[in-house]
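Numbering (my numbering), first residue to last: 683 to 1171.
Note that the Cβ used here is the ideal one computed from N, Cα and C, for glycine as well.
Treat the numbers as computed from the prediction; the structure is a model and nothing was measured.
To keep things clear, I will list the structure first and then write my remarks on it.
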Amino acid sequence: MKRLRKILLIVISLCLLNITSVKAADNVEEFVKRLYVNCLNRQPDAKGLSNWVKALKTNEKDAAKVVEGFFFSQEMNNLHLSDSEFVERCYRTLLDRRSDSKGKANWLNKLAKGVSKKEVLKGFIDSQEFTNLCKKYGVRKGTIILSSTSSSKPTTSVSKPASTSSVVIGNDSINDFVERLYNNVLNRKSDSVGLNNWTKILLEKRQTPTQVATDGFFHSKEFKNRAVNNNDFVEILYKTFLNRSSDKVGKENWLKKLNQGSIRDSIIVGFAKSQEFNNIINKSGWKEASDKYISKELTNVNSLIIIANKKHRLSSSYEPKDLREPNVKKRGSVPMRKEAATALEKMFNAAKKDGITLVAGSGYRSYSNQVSTYNYWVSIDGQANADRYSARPGYSEHQTGLAMDISDASGNYYLTEAFGNTREGKWLKNNAHKYGFILRYPKSKESITGYKYEPWHFRYVGLDYASAIYSEGEEMTLEEYFGISGGGY
Ligand SMILES: [Zn+2]
């Protein structure tokens, strides 16, 4: 019996020993794996991993030496990290968290003054937080020894990579903007691949801040899943774009717009176009003068800014689902999408108060309807002429359910340029934007819109865009405003 107990005890303690040693081994391996992922942005290769693990376990190297090996490796050097990215990686790798703005600013300030990256790394390594991290992974911490040449002398510093090229210098504001998108829109830290990619896209001006914010972040499933309400949505915009909390008046103003039916993207555009945001983002010399383009909304048939022109075709099967007949003076049936129809009623009523009688002439036209309309004009006028005022099927804005041809009560000037000189034509030109409509085909913009002057054709784009476009000048076109292609087929 005694012997059996003894054997049992030995077996149990052997098991325990085995478990603890396996656990310890895993921890060291995990410590090294983190370095690959956080510093180099990749999974470890088997050989590299086993070498570093071995060096740690045999006490050949301490954690500080290993970290130093990663941070000043050729591979990391090849990433050409900006100071901001470097500091962010120090936080992520050594403190296991993202930067706090005050702390980060402090480190960036030091780097800007010529403190070497090695010294900065040492600062992180000597911190209590990194001490705790080393305890957690069961590795010996150690420290970085600074040689006399590597301290505080940027020009002679051996540890400051010579590769800090002009491309990445001073773009912390872009980098920080992307980080804020992750933090506030997705409610998480950035991953380094994503952070790098979006920053690069912005720096190379392949996309504007609005595009990155909308298509990249706000339209993502990850954000949609958060199902934030309007109040939080606006607060997120303040934090992301302006790097501050909302002020009461400003926030109320944005909420009012949302409650009146403005789409969220138009609020994002508002922030992206604000002087305050541009001041922040231009701080490091990066300039993005015009920022208006929302790619996906322009091709999304359900949006109010869907583009239908000779370069952007609608599907032959597209028919808006929310068409209704506006309750206005009209010739025959003139359906429009619900929101546009309501706006049209408001506009016609307002005109009436000014003593102007408007008549709706043509609203939504189906694809097949456009086939006969177009063919009719071709038979009368020849194709070359017809193409200047009648759209080929699939290219007509009338298929969106957001356009209306309007005339005066007499109808004498319907679909003629002379309508622009009538009281009705003038009233529309000066007031339509107040109801969310724009004069879609201005004078002398045929090469841009693809259509000659049509003082009768008004397009609903919603209040925000209509007033924004109108404020750019009376000849402003959708194509120019959003920077998209137009003109001929
Ligand atoms: Zn029309």
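Per DSSP, the beta bridge partners of Leu1040 are Asp1090.
For the pair Asp897 and Arg774, the Cα-to-Cα distance works out to about 27 Å. Glu1136 counts as buried, since no fewer than 16 other beta carbons sit within 10 angstroms of its beta carbon. Within the DSSP bridge table, the entry for Asn991 names His994 as partners. With a cutoff of 8 Å, Ser874 does not count as near ligand 1, since its C-beta is closer than that to no heavy atom of the ligand.
When DSSP states are grouped into helix, strand and coil, Met1158 belongs to the coil group.
A distance below 9 Å separates the beta carbons of Gly1118 and Tyr1147. The DSSP-derived three-state label of Leu1005 is strand. Closer than 8 Å to some heavy atom of ligand 1: that does not describe the Cβ of Ser1015.
Here Gly1014 is exposed: its Cβ has fewer than 16 other Cβ atoms, across all protein chains shown, within 10 Å.
Distance from the CA of Leu863 to the CA of Arg870, rounded to the nearest whole angstrom, comes to 9 Å.
By the C-beta density criterion, Ala1100 is exposed, having fewer than 16 other C-beta atoms within 10 angstroms. The beta-carbon separation of Val860 and Val710, rounded to 33 Å, does not stay under the 8 Å limit for a contact. The DSSP-derived three-state label of Arg1070 is helix. Bridge partners of Ala1085 according to DSSP: Arg1141. When distances are taken from the beta-carbon of Ala1042 to the heavy atoms of ligand 1, even the shortest one reaches 8 Å or more.
Under DSSP, Leu937 takes part in no beta bridge, so it has no partner. In chain order, the residues with a C-beta atom nearer than 5 Å to some heavy atom of ligand 1 are Asp1087 and His1139. Residue Gly952 holds the alpha-carbon nearest to the alpha-carbon of Lys939 among Glu979, Ser928, Gly952 and Ser927. Ranked by Cα distance from Asp808, the first of Asp858, Lys1116, Leu738 and Lys823 is Lys823. Selection Val749, Asn1031 and Val916 evaluated against Lys933 yields Val916 as nearest (Cα-Cα).
Boundaries of the beta strand (DSSP E) harbouring Phe1119: Phe1119 to Leu1121, taken from the DSSP string. Taking 8 Å as the upper bound for CB-CB distance, Leu793 and Glu750 are not in contact here, some 17 Å apart. By the C-beta density criterion, Ala728 is exposed, having fewer than 16 other C-beta atoms within 10 angstroms. Selection Ala990, Ile1130, Leu731 and Asn760 evaluated against His1080 yields Ala990 as nearest (Cα-Cα). About 5 Å separates the beta carbon of Ala1023 from that of Arg1006, a gap short enough to meet the 8 Å contact definition.
Per the coordinates, the alpha-carbon of Tyr1123 lies some 16 Å from the alpha-carbon of Gly1165.
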